[in-house]
């Protein structure tokens, strides 16, 4: 059987992420035999502090995305269903409950090896996402392990933001004491500075790649950005992360020089809202690419992961930088007015023609205000939007036929407006 011809030009560098993530999780699974402390983490946690203490950490939302992209989530969801987890709660939470049950299980002979992770020595959560914070609380009590929660308040103004940064920094200082108690070692501040140097370098390279997508035709798609999150996420603060983004930037620059677009005959430049639908990244990319539509920017990729002014990261004041990042992420989560302003700026900078809003059935924080945002952006910029239903990891909340019908109708609107202009 012949393979379908791919229309969208995939970045060669993006194909390296699969190997990087495989290496990462293999290292995590070896945590016990390597005599390392193991942590489970929930929400946008400060990996930098864990890495400074050589702790092997599992980020359970990231792991859920990893499994969903590889069609490995069904077994975990079945396990969570057995203990009464509602199908309407965060699908990442249901996957993490499955991971928790596997960690407790005496019989793992029938389980794919990549689904297994070692039980944690402690857990860490950040309240930016209340759903994951609640999951942390349930699983920590069930596993009877120590835990730490970093509270990040929702903010409505810049004065609130500054107070939030100070509040978070104090908790980071307390968390360092907690880490010293968990490991029996003094915290390595010199290593943290080295890690933050690499965080800054990788983040700046990544932002430069994003800015190159402002060119016409765009050398990247939002799906490239999604796939390339791994090196800025669980690999953050490492040499591997820096080297990856150097290679990515070189490949993207080559495309710009040669005027090679990710989507042949680019006609429409689109914005994506919310988390990716991990199990449909390829299909959606090809469906839109076949119509000359390129999803170029999104709030998740372009406003999180130290993408906001990374050049200001000061390695000599690492806790300030980490606290500001956590407070900023939470402000984007919680403040619809601020999020709308950020989306407007993305639309202007990337010359966006339309908004594609992924309404995730089980991710409530990222769904907040989507219809209001569509209406506001249309009033401000004359840019239309469409809502598609889905979920980051649960295929039962997604329909190819429904999604593609909505996208086709939306593209007809864009075509009509383009002709009228």
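Residue numbers (our numbering): 4 to 424.
Quick reminder that beta carbons are idealized off the backbone N, C-alpha and C, glycines included.
Just so we're clear, the structure is a prediction, and the values are computed from it rather than from any experiment.
Residue j beta carbon less than 8 Å from that of residue i
{"i": "residue 3", "j": "residue 359", "result": "Absent from the structure is residue 3, since the part of the chain shown begins at 4 and ends at 424."}
{"i": "residue 319", "j": "residue 302", "result": "no"}
{"i": "residue 3", "j": "residue 136", "result": "Residue 3 lies beyond the stretch modelled for the chain, which goes from 4 to 424, so this question has no answer here."}
{"i": "residue 10", "j": "residue 292", "result": "yes"}
{"i": "residue 274", "j": "residue 346", "result": "yes"}
{"i": "residue 123", "j": "residue 148", "result": "yes"}
{"i": "residue 175", "j": "residue 56", "result": "no"}
{"i": "residue 222", "j": "residue 255", "result": "yes"}
{"i": "residue 52", "j": "residue 171", "result": "no"}
{"i": "residue 290", "j": "residue 407", "result": "yes"}
{"i": "residue 150", "j": "residue 125", "result": "yes"}
{"i": "residue 146", "j": "residue 96", "result": "no"}
Residue i: first and last residue of the uninterrupted beta strand (DSSP E) it sits in
{"i": "residue 299", "result": "296-301"}
{"i": "residue 288", "result": "Taken as a continuous stretch (DSSP letters only), residue 288 belongs to no beta strand (DSSP E), being part of the alpha helix (DSSP H) at 284-292."}
{"i": "residue 377", "result": "From DSSP, residue 377 is part of no beta strand (DSSP E) but of the alpha helix (DSSP H) over 373-384."}
{"i": "residue 362", "result": "357-363"}
{"i": "residue 153", "result": "150-153"}
{"i": "residue 390", "result": "388-393"}
{"i": "residue 14", "result": "Taken as a continuous stretch (DSSP letters only), residue 14 belongs to no beta strand (DSSP E), as it is neither H nor E."}
{"i": "residue 401", "result": "Here residue 401 belongs to no beta strand (DSSP E), and DSSP marks it neither H nor E."}
Cut-off 6 Å between Cβ atoms - residues of its own chain near residue i, not counting five sequence neighbours on either side
{"i": "residue 59", "result": "31, 34, 39, 41"}
{"i": "residue 270", "result": "295"}
{"i": "residue 431", "result": "With the chain running from 4 to 424 in the structure shown, residue 431 is simply not present."}
{"i": "residue 194", "result": "55"}
Nonlocal neighbours in the same chain, by C-beta distance under 7 Å from residue i, ignoring five residues either side
{"i": "residue 25", "result": "none"}
{"i": "residue 363", "result": "277, 278, 369, 370, 393, 394, 395"}
{"i": "residue 386", "result": "350, 355, 356, 357, 358, 380"}
{"i": "residue 384", "result": "347, 350"}
{"i": "residue 334", "result": "158, 164, 341"}
{"i": "residue 241", "result": "201"}
{"i": "residue 305", "result": "213, 349"}
{"i": "residue 313", "result": "203, 206, 207, 210"}
The ligand ADP heavy atom lying under 7 Å from the CB of residue i
{"i": "residue 194", "result": "With respect to the ligand ADP, the structure offers nothing, as it holds no ligand at all."}
For residue i, the first and last residue of its enclosing alpha helix (DSSP H)
{"i": "residue 138", "result": "133-146"}
{"i": "residue 52", "result": "50-55"}
{"i": "residue 22", "result": "19-32"}
{"i": "residue 244", "result": "242-260"}
{"i": "residue 229", "result": "225-230"}
Simplified DSSP assignment, three categories, for residue i
{"i": "residue 311", "result": "coil"}
{"i": "residue 336", "result": "helix"}
{"i": "residue 126", "result": "strand"}
{"i": "residue 43", "result": "strand"}
{"i": "residue 61", "result": "strand"}
{"i": "residue 173", "result": "helix"}
{"i": "residue 281", "result": "helix"}
{"i": "residue 352", "result": "helix"}
{"i": "residue 419", "result": "helix"}
{"i": "residue 274", "result": "strand"}
{"i": "residue 214", "result": "helix"}
Own chain, CB closer than 8 Å to residue i, minus 5 neighbours either side, in chain order
{"i": "residue 227", "result": "13, 14, 17, 265"}
{"i": "residue 168", "result": "323, 326, 327, 330"}
Handout entry: Three CB pairs or more closer than 8 Å across the stretch 74-94 and the stretch 237-247
Key = No: fewer than three Cβ pairs fall under 8 Å.
Handout entry: the stretch 320-330 touching the stretch 259-267, judged by at least three CB pairs closer than 8 Å
Key = no
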